[in-house]
Amino acid sequence: MLEGAAGFLTPDEWSALHLSLKVSLWATAASLPFGIAAAWLVARVRFPGRMLVDGLIHMPLILPPVVTGYLLLVTFGRRGPVGAFLAEHFGLVFSFRWTGAALACAVMGFPLMVRAIRLSLEAVDARLEEAASTLGAAPAAVFATVTLPLMAPGILTGMVLAFARSMGEFGATVTFVGNIPGETQTLPTAIYSFTQVPGGDAAALRLTLISVAVSFAALMLSELLARRARRRLGLG
Numbered sequence: 151m152l153e154g155a156a157g158f159l160t161p162d163e164w165s166a167l168h169l170s171l172k173v174s175l176w177a178t179a180a181s182l183p184f185g186i187a188a189a190w191l192v193a194r195v196r197f198p199g200r201m202l203v204d205g206l207i208h209m210p211l212i213l214p215p216v217v218t219g220y221l222l223l224v225t226f227g228r229r230g231p232v233g234a235f236l237a238e239h240f241g242l243v244f245s246f247r248w249t250g251a252a253l254a255c256a257v258m259g260f261p262l263m264v265r266a267i268r269l270s271l272e273a274v275d276a277r278l279e280e281a282a283s284t285l286g287a288a289p290a291a292v293f294a295t296v297t298l299p300l301m302a303p304g305i306l307t308g309m310v311l312a313f314a315r316s317m318g319e320f321g322a323t324v325t326f327v328g329n330i331p332g333e334t335q336t337l338p339t340a341i342y343s344f345t346q347v348p349g350g351d352a353a354a355l356r357l358t359l360i361s362v363a364v365s366f367a368a369l370m371l372s373e374l375l376a377r378r379a380r381r382r383l384g385l386g
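Taking our numbering, the leading residue of the sequence shown gets 151, the next gets one more, and so forth.
Take a look at the structure:
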C-alpha cells in the first residue's frame, strides 16, 4: 500500500506520511513498557492516592490537546527543567524535533493503551497465578509465563489504539514541536497546511485517504492478532 502511495504523492506528502509512521511506531514502542507498568499499578496495587494516579494517567483524554502540548513545551522544551537537563547531559532535544512529536503522540495515546491493558489484566483469573506461585514460581516468573501471555489480547489492542491515536494527533504536536516540513510535519499537520493554501485541496484529500487507510488497516490487524491470541489461549 505504501509503495503504491509513493507513486502519486509528492515528496513533501510522502515525507509527512513517512514521518507519521515513524513517529507513531516510536511513540507506541517507547510507551509500551510504561503502559504495562501503569496498568499493573492501578489494577493490582492498593495504595493511598491510587485514584489520583489513575486520574493523572487519563488526563490527556479530557484536557484540550493544546494544553497538553503547552505543558510538554514548558517541561521538555530547551528552557524547561527536564528538557534543559536532557539536552545538557544527554544531547536529547525534544522541542521542534521529530522526537518531540513522538513524545507528544506517546502522551496522547498513553491513556488508551493503559485502559486496554488494564481491562485485560483485570480479566486474568487470579487462581492461575496463585497455582503457579504454589508450584514455586517466583513473582517475576509468574508474571512472565502466566499473566503476560493472558494479557496479550489487551496489550495488542492497547498498542494499536495508541498507534492509531498517534497517527491522528494534531493539537499537542503542533503546539509542542510546530509544523516543520521534513522534521515535525506529520499527516494531520500537513493536511491542515494544505487546507490553508490555494489549490491544496487535492493534496489534503490524498493525505486524508492515506490516513484513513492506514488507521483502518491498523484496526483490522489488531482484531486479527487479538483473535489469534485468544484462540491460542483457549479463550474463544
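For each residue, glycine too, the CB sits at the ideal point set by N, CA and C.
The structure displayed is predicted, hence computed values, not measured ones.
Tell me whether residue i sits in a helix, a strand or coil according to DSSP, three-state version.
i, result
"M301", "coil"
"P183", "helix"
"M319", "The displayed chain sequence assigns Glu, not Met, to residue 319. Reduced to three states, the DSSP call for E319 is coil."
"T160", "coil"
"S245", "coil"
"G350", "coil"
"P210", "helix"
Quick one: what's got a C-beta closer than 7 angstroms to residue i's C-beta in the same chain, skipping five residues either side?
i, result
"E319", "A254, C255, M258 and P338"
"A237", "R228 and V243"
Taking 8 angstroms as the limit between beta carbons, can you name the residues of its chain near residue i, skipping five residues before and five after?
i, result
"P261", "I207, H208, M209, P210 and L211"
"V192", "R200, V203, D204, I207, V264 and R268"
"R356", "F158, L159 and E163"
"G233", "T225, F226, G227, V243, F244 and S245"
"G321", "P214, P215, V216, T218 and G219"
Is residue i buried or exposed, if buried means 16 or more other CB atoms sit within 10 Å of its CB?
i, result
"G332", "exposed"
"E163", "buried"
"E279", "buried"
"R315", "buried"
"I305", "buried"
"V310", "buried"
"M317", "buried"
Quick one: residues in its chain with C-beta nearer than 6 angstroms to the C-beta of residue i, no 5 flanking neighbours on either side, listed in chain order?
i, result
"S361", "L337"
"A354", "I341, F344 and T345"
Using a Cβ cut-off of 8 angstroms (strictly closer), state whether residue i contacts chain B.
i, result
"M263", "Here there is only one protein chain, and chain B is not present."
For residue i and residue j, which I take to be in contact (beta-carbon distance under 8 angstroms), what is that distance rounded to the nearest angstrom?
i, j, result
"I341", "T323", "Not confirmed; about 12 angstroms, so no contact."
"G308", "G185", "6 angstroms"
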